[in-house]
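Reviewing the structure listed below.
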Amino acid sequence: PYPGASGSYLNRYWNINSSGITDFTCNVQFDYVPDDVTGIESELYCYRVFPTTNQFNPANSATLQLTADGLTFFGTFTGKEQPNSTKTLTLSHIFIQGLYDSGGIMRQAYGESGPYFDAGIADEITIELRDSENYNTVVQSFNNVLLDVYGSASVDLQTELTGNYYITVKHRNSIETVSASPVSFNSSSIAFSLNLPEMVYGGNLLQTPDGEYVIFGGDIDQDGLVDTGDMTPLDNDSNDFASGYLSTDVNGDGLVDTGDMTIVDNNGTNFISSVTP
């Protein structure tokens, strides 16, 4: 097992290195065998344990696989249980431009046959905690975090996590958005809201007609800019009459059409981009 493993874990880990590639995003899959499991298999999650600690998807006991999505760098991976936690990070007023309706409520993102998630869930986001001195260092990340229609999301944290960190919110077709300053994680309950521009680095939020503030949408290719790189896949999917839970469906109605183009056009014209430390 990876050194220090305890509780439920895999007696196996994987070291992955990259050479000659930069600026990539990929998904990975790790296969294990039943004899690798110590403890309770249903408690296992895929973890990157070096150079940063990041939790990914639950182990698939049917296929004997671990998976991690949206990787931008590699490292050492294993399967282990979630640590005991008495810390909770709660985010509020996380409104996605394409999904926002009015009155502090978002619509649910649609797939081909209706809402893609259970009742009350708008979409998924990624939450990252980044080093206060070096923003490029991701200390911990949480993928596939459910975001409810009221703009709230929460994650459990390791009790050992203390200090100050930038909070970064990412969404599948929106602009990366960051807290205005590092947030203290020294208490057992941490709350953070993106309700006003002064709470966000660079004030990078859009005000809606009803006075709420939302995260800019339209960054389909997730390069930090809303530009022609986003319009091209949108055009292609629109021409193909694509439907479903797609990154090109910026307004989340299950269709790729002019409703999505309007958001990308407007934000591209205004040179909207991510603003980070």
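The numbering of the sequence shown is the working numbering, which starts it at 71 and goes up by one. Note that CB positions come from ideal geometry on N, CA and C, so glycine has one too.
Where residue i sits in the DSSP three-state scheme
{"i": "residue 329", "result": "helix"}
{"i": "residue 104", "result": "helix"}
{"i": "residue 344", "result": "coil"}
{"i": "residue 271", "result": "helix"}
{"i": "residue 338", "result": "helix"}
{"i": "residue 230", "result": "coil"}
{"i": "residue 282", "result": "coil"}
{"i": "residue 111", "result": "helix"}
Beta-carbon separation (whole angstroms), residue i vs residue j, contact threshold 8 Å
{"i": "residue 102", "j": "residue 82", "result": "6 Å"}
{"i": "residue 248", "j": "residue 271", "result": "4 Å"}
{"i": "residue 141", "j": "residue 98", "result": "6 Å"}
{"i": "residue 398", "j": "residue 203", "result": "No answer is possible for residue 398: the residues shown for the chain start at 71 and end at 347."}
{"i": "residue 201", "j": "residue 180", "result": "Not confirmed; about 37 Å, so no contact."}
{"i": "residue 284", "j": "residue 186", "result": "Residue 284 to residue 186, Cβ: 20 Å. No contact."}
{"i": "residue 144", "j": "residue 88", "result": "5 Å"}
{"i": "residue 174", "j": "residue 221", "result": "7 Å"}
{"i": "residue 327", "j": "residue 308", "result": "6 Å"}
Same chain, Cβ closer than 8 Å to residue i, neighbours up to 5 away in sequence not counted
{"i": "residue 77", "result": "109, 113, 150 and 151"}
{"i": "residue 214", "result": "127, 139, 194 and 196"}
{"i": "residue 253", "result": "234, 235, 236, 237, 260 and 262"}
{"i": "residue 268", "result": "250"}
{"i": "residue 137", "result": "97, 98, 99, 100, 116, 126, 127 and 130"}
{"i": "residue 95", "result": "140, 141, 142 and 292"}
Terminal residues of the beta strand (DSSP E) in which residue i lies
{"i": "residue 299", "result": "Here residue 299 belongs to no beta strand (DSSP E); instead the alpha helix (DSSP H) covers 298-309."}
{"i": "residue 195", "result": "191-201"}
{"i": "residue 171", "result": "170-172"}
{"i": "residue 115", "result": "114-120"}
{"i": "residue 135", "result": "135-141"}
{"i": "residue 210", "result": "208-218"}
{"i": "residue 149", "result": "145-151"}
{"i": "residue 128", "result": "124-128"}
{"i": "residue 81", "result": "79-86"}
Nearest-angstrom Cα separation, counted from residue j out to residue i
{"i": "residue 146", "j": "residue 231", "result": "20 Å"}
{"i": "residue 217", "j": "residue 192", "result": "6 Å"}
{"i": "residue 305", "j": "residue 162", "result": "33 Å"}
{"i": "residue 244", "j": "residue 343", "result": "10 Å"}
{"i": "residue 325", "j": "residue 311", "result": "8 Å"}
{"i": "residue 184", "j": "residue 130", "result": "26 Å"}
{"i": "residue 209", "j": "residue 123", "result": "7 Å"}
{"i": "residue 224", "j": "residue 132", "result": "28 Å"}
{"i": "residue 205", "j": "residue 84", "result": "26 Å"}
{"i": "residue 345", "j": "residue 93", "result": "18 Å"}
{"i": "residue 228", "j": "residue 75", "result": "15 Å"}
{"i": "residue 105", "j": "residue 73", "result": "18 Å"}
{"i": "residue 79", "j": "residue 330", "result": "44 Å"}
{"i": "residue 258", "j": "residue 266", "result": "24 Å"}
{"i": "residue 313", "j": "residue 303", "result": "13 Å"}
{"i": "residue 91", "j": "residue 226", "result": "33 Å"}
{"i": "residue 339", "j": "residue 275", "result": "16 Å"}
{"i": "residue 71", "j": "residue 86", "result": "16 Å"}
Close Cβ partners of residue i (< 6 Å) along its chain, the five nearest in sequence each way excluded
{"i": "residue 288", "result": "296, 300, 320, 333, 334 and 337"}
{"i": "residue 280", "result": "172"}
{"i": "residue 153", "result": "228"}
{"i": "residue 256", "result": "232"}
Other residues of its chain near residue i: CB distance less than 7 Å, five sequence neighbours each side excluded
{"i": "residue 317", "result": "242, 243 and 290"}
{"i": "residue 190", "result": "218 and 219"}
{"i": "residue 293", "result": "299"}
{"i": "residue 121", "result": "145"}
{"i": "residue 107", "result": "80"}
{"i": "residue 273", "result": "267"}
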